[in-house]
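For the sequence shown, the positions run 3 to 424 when our numbering is used.
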Amino acid sequence: MEVREPSAKYLARPAYKQTEVGMIPEDWRCITTAELVEPDAPICYGVVQVGRNTDDGIPIVAIKYVKEIAQAPLHRTAAAIERPYSRSRVRRGDVLISIKGTIGRVGLVPTGFEGNISRELARLRPRPEYSGAYVAHQLEADATQTRISKEVVGTTRLEFSIATLRKFILAFPGSFPEQQAIAEALSDADALIDALAQLLAKKRQIKQGAMQKLLTGQRRLPGFAGEWEVRQLGDVAVTLKGSGLTKGLVSASGSRPCVLYGELFTTYGRVITSIVSRTDSDDGCRSIAGDVLMPGSTTTSGIDLATASALFEDGVALGGDINVIRKRGEYYDPGFLANYLTAVKRKQIADISQGITIHHLYGRDLALLPIELPSLAEQTAIATLLSDMDAELAALEAKLAKARGVKQGMMQELLTGRIRLV
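Here it is as structure tokens:
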């Protein structure tokens with residue numbers, strides 16, 4: 003399918019009126035969802051108990067797959083179980099919305115699909131004068147989702163009742179062609195987002211496969227051969243501890259860059275390219291270019307401590323609870339080591355961590371960790387290749403974030419009539 007950049011031709015801004023859903027153009031109108039659906043297909047929920055999966059059964063759409071119905075491995079229920087719920091069968095163009103548990107997830111039934119829905123979903127079948135795609139986008143809009151959240155009841159299990167849904171109001175352009183134009187523009191934006199997300203997932207898989215093979219010697223880059231050398235980490239590096247720096251000492255206008263241990267989990271990848279925090283504190287450990295940093299503790303699991311980041315900058319203040327791996331000579335490339343420890347040594351690092359409620363990783367135990375190193379030149383080549391892959395992924399992530407932001411802005415303008423499409 004061709005993916006188009008969303009575009010629009012705009013008309014002059016119309017006069018507005020105040021309604022139950024906010025300001026909308028004078029020629030738009032508000033109706034309840036009960037009014038927009040086919041009279042012989044009222045809003046309803048689906049199969050209460052789907053039973054065991056049956057190969058030749060009726061496919062049942064669940065919340066988990068409401069946005070990917072065509073590709074999803076749907077549960078299939080026996081015809082005898084599904085038959086009493088024939089009222090909630092779905093067809094192309096039906097709009098689905100989750101009403102139990104996770105509230106407000108919206109899907110549109112694709113062409114060629116026939117089946118039913120689970121108890122957690124409600125079906126809306128728009129009359130011919132209303133676009134199902136427009137209804138789906140309108141239900142997904144931030145303003146609509148906020149209104150839905152105010153109608154939800156329950157504590158342990160949330161519910162947006164069918165009775166409340168039937169009274170729920172949506173705004174519609176005066177003409178069906180305008181509904182279609184809005185839906186098409188937003189669907190184009192969705193297609194771009196989906197294409198970028200799929201490309202990003204593919205690139206991540208490629209990097210993951212390359213990383214596992216390159217960092218274990220299963221695949222060798224052109225021009226490199228020979229056995230890898232087995233050493234203990236303590237043979238090629240000393241392990242130090244960051245200190246003297248807490249969140250309270252971080253200042254946006256600080257005179258010195260700093261790294262806090264929590265940022266190793268949330269902010270930095272295998273190579274720290276840009277430091278986000280600063281401090282005026284003179285206390286604690288200072289980095290030397292080539293240090294590899296690892297968190298010293300976590301409350302989750304020991305395997306999460308296998309998170310290493312190479313830092314190529316002198317004088318950075320290193321916060322408490324950071325393990326600092328510092329070179330004893332030119333035995334390893336820091337970028338290679340950070341990738342190697344994170345990808346290859348995860349289980350061993352989890353095994354040497356200590357504690358139950360809080361898992362600790364000590365430098366003395368890291369020093370005994372066995373590692374396998376190719377030549378320094380091969381390490382650098384591997385690290386460079388992985389860094390290039392990371393840069394490509396970062397560029398795609400930025401492009402995806404921008405596309406999502408553009409769509410968000412389009413929804414805010416188009417679904418309120420602030421911008422009109424021809």
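All C-beta atoms, glycine included, are put in the ideal place defined by N, C-alpha and C.
- Task: Please state whether DSSP places Val-408 in a helix, a strand or coil.
- Result: Position 406 of the sequence shown holds residue 408. Three-state DSSP puts Val-408 in a helix.
- So what does DSSP say about Gly-317, is it helix, strand or coil? Here residue 317 is taken as the residue at index 315 of the sequence shown, counted from 1. Here Gly-317 sits in coil by DSSP.
- Query: So, is Lys-404 buried or exposed, given that buried needs 16 or more other C-beta atoms within 10 angstroms?
  - Reply: Within the sequence shown, residue 404 is the residue found at index 402, counting from 1. Lys-404 should be labelled exposed.
- Query: In whole angstroms, what separates the C-alpha of Ile-33 from that of Ile-184?
  - Reply: For this step, residue 33 is matched to residue 31 along the sequence shown. For this step, residue 184 is matched to residue 182 along the sequence shown. The straight-line gap from Cα to Cα measures roughly 18 Å.
- Item | Neighbour flag for Ser-88 against chain C, beta carbons, 8 Å | The chain labelled as chain C is not found in the depicted structure, where only one protein chain is given.
- Query: Helix, strand or coil: which one does DSSP assign to Lys-19?
  - Reply: For the purposes of this step, residue 19 is identified with residue 17 of the sequence shown, where counting begins at 1. Reduced to three states, the DSSP call for Lys-19 is strand.
- CA nearest to the CA of Val-240, picked from Gln-207, Ile-290 and Lys-209: The sequence position of residue 240 within the sequence shown is 238, counting from 1. With distances taken between Cα atoms, Val-240 lies closest to Ile-290.
- Query: Can you tell me whether DSSP reads Ile-358 as helix, strand or coil?
  - Reply: Along the sequence shown, one-based indexing puts residue 358 at 356. Residue state, collapsed to three classes: coil.
- Item | Complete alpha helix (DSSP H) runs within the stretch 203 to 258 (minimum length 4 residues, chain order) | 235 to 238
- Task: Using only alpha-carbon positions, find the residue among Val-23, Ile-195, Lys-209 and Thr-113 that is nearest to Ala-393.
- Result: Start at 1 with the first residue of the sequence shown, and residue 393 comes out as number 391. Of the listed residues, the one whose Cα sits closest to Ala-393 is Lys-209.
- Taking contact to mean at least 3 C-beta pairs separated by less than 8 Å, is the stretch 80 to 91 in contact with the stretch 101 to 111? no
- Message: Which runs of the alpha helix (DSSP H) at least 4 residues long sit entirely within the stretch 132 to 208? Give them in chain order.
- Response: Scanning the stretch 132 to 208 from its first residue to its last, the whole alpha helix (DSSP H) runs of 4-plus residues come out as 134 to 142, 144 to 153 and 164 to 169.
- Query: What's the C-alpha gap between Leu-368 and Ile-351?
  - Reply: Reading the sequence shown from its first residue, position 366 is the one you call residue 368. Reading the sequence shown from its first residue, position 349 is the one you call residue 351. C-alpha separation (whole angstroms): 8 Å.
- Query: Are the beta-carbon atoms belonging to Ile-119 and Leu-98 less than 8 Å from one another?
  - Reply: As a first step, residue 119 is located in the sequence shown; it is residue number 117 there, counting from the start. As a first step, residue 98 is located in the sequence shown; it is residue number 96 there, counting from the start. Yes; because the gap between Cβ atoms is below 8 Å, this pair is in contact.
- Query: Measuring from the CB of Val-49, is there a heavy atom of the ligand PLP at a distance below 7 Å?
  - Reply: The ligand PLP is absent from the structure shown, which contains no ligands of any kind.
- Extent of the continuous beta strand (DSSP E) run through Gly-109: Position 107 of the sequence shown, counted from the first residue, corresponds to residue 109. Counting along the chain, the beta strand (DSSP E) containing Gly-109 begins and ends at 108 to 110.
- Evaluate Asp-293 with the Cβ neighbour count: other Cβ atoms within 10 Å of its Cβ, from every protein chain shown; 16 or more gives buried, anything less gives exposed. On the sequence shown, position 291 is the one that residue 293 refers to. Result: buried.
- Message: If you reduce the DSSP assignment to three classes, tell me which class Thr-34 lands in.
- Response: Taking the sequence shown and counting its residues from 1, the one referred to as residue 34 is at position 32. Strand, per DSSP.
- Query: Where do the N-terminal and C-terminal ends of the beta strand (DSSP E) with Arg-328 fall, by residue?
  - Reply: As a working mapping, residue 328 is identified with position 326 in the sequence shown. Taken as a continuous stretch (DSSP letters only), the beta strand (DSSP E) holding Arg-328 covers 324 to 329.
- Check Gly-264 in the structure and name its three-state DSSP category. Along the sequence shown, read from residue 1 onward, the residue named residue 264 stands at position 262. In this structure, Gly-264 counts as coil in the three-state DSSP scheme.
- When we look at the beta-carbon of Ser-311 and count the other beta-carbons within 10 Å, is it buried (16 or more) or exposed? On the sequence shown, residue 311 is found 309 positions in, with the first residue counted as 1. Its Cβ being crowded by 16 or more others within 10 Å, Ser-311 is buried.
- Task: Determine the DSSP secondary structure at Asn-55, reduced to helix, strand or coil.
- Result: Along the sequence shown, read from residue 1 onward, the residue named residue 55 stands at position 53. Here Asn-55 sits in coil by DSSP.
- Going by the beta-carbon positions, is the gap between Ile-65 and Leu-123 smaller than 8 Å? By 1-based counting over the sequence shown, the position of residue 65 is 63. By 1-based counting over the sequence shown, the position of residue 123 is 121. Yes, the Cβ-Cβ distance between Ile-65 and Leu-123 is below 8 Å.
- Excluding sequence positions up to five away, which residues of its chain have a Cβ less than 8 Å from the Cβ of Gly-286? Counting from 1 along the sequence shown, the entry for residue 286 is found at position 284. Around Gly-286: Gly-244, Ser-245, Gly-246, Leu-247, Ala-319, Leu-320, Gly-321 and Gly-322.
- Item | Local conformation of Lys-11 per DSSP, three classes | As a first step, residue 11 is located in the sequence shown; it is residue number 9 there, counting from the start. In this predicted model, Lys-11 has a pLDDT of only 47, less than 50, meaning its place in the structure is not dependable; the value taken from the coordinates is given anyway. Note: Lys-11 maps to coil in three-state DSSP.
- Specify, as a first and last residue, the run of the alpha helix (DSSP H) that Leu-343 falls within. Counted from its first residue, the sequence shown places residue 343 at position 341. That run of the alpha helix (DSSP H) goes 336 to 345.
- Starting from Glu-374, trace the beta strand (DSSP E) both ways and give me its first and last residue. Indexing the sequence shown from 1 puts residue 374 at position 372. That run of the beta strand (DSSP E) goes 372 to 375.
- Task: Decide if Phe-267 is buried, meaning its Cβ has at least 16 other Cβ atoms within 10 Å, or exposed.
- Result: Walking along the sequence shown from the start, residue 267 turns up at place 265. Exposed, by the Cβ-count rule.
- Terminal residues of the beta strand (DSSP E) in which Ile-290 lies: For the purposes of this step, residue 290 is taken as the residue at position 288 of the sequence shown. Looking at the DSSP string, Ile-290 is not in any beta strand (DSSP E), and its letter there is neither H nor E.
- Query: In this structure, does DSSP put Lys-349 in helix, strand or coil?
  - Reply: Locating residue 349 in the sequence shown gives position 347, counting from the first residue. Helix at Lys-349.
- Message: Quick check: the stretch 365 to 384 against the stretch 396 to 414, are at least 3 beta-carbon pairs closer than 8 Å?
- Response: With a cut-off of 8 Å, the stretch 365 to 384 and the stretch 396 to 414 do not count as touching, because too few Cβ pairs lie within range.
- What is the rounded straight-line gap between the Cα of Trp-30 and the Cα of Val-52? One-based indexing of the sequence shown puts residue 30 at position 28. One-based indexing of the sequence shown puts residue 52 at position 50. In a straight line, the C-alpha of Trp-30 is about 41 Å away from that of Val-52.
- In the DSSP assignment, find the alpha helix (DSSP H) that holds Arg-453 and state where it starts and stops. Only positions 3 to 424 of the chain appear in this structure, which leaves residue 453 out of reach.
- Query: Would Leu-223 be called buried (16 or more neighbouring beta carbons within 10 Å of its own) or exposed?
  - Reply: Stepping through the sequence shown from its first residue, residue 223 is reached at position 221. Classification of Leu-223: exposed, given that the 10 Å Cβ count is below 16.
- Pick out whichever of Asp-284, Tyr-334 and Arg-406 has its Cα sitting closest to the Cα of Val-232. As a position in the sequence shown, residue 232 is number 230, starting the count at 1. The shortest Cα separation from Val-232 among Asp-284, Tyr-334 and Arg-406 belongs to Tyr-334.
- Query: Within the chosen definition, does the stretch 302 to 311 reach the stretch 335 to 355 through at least 3 CB pairs nearer than 8 Å?
  - Reply: yes
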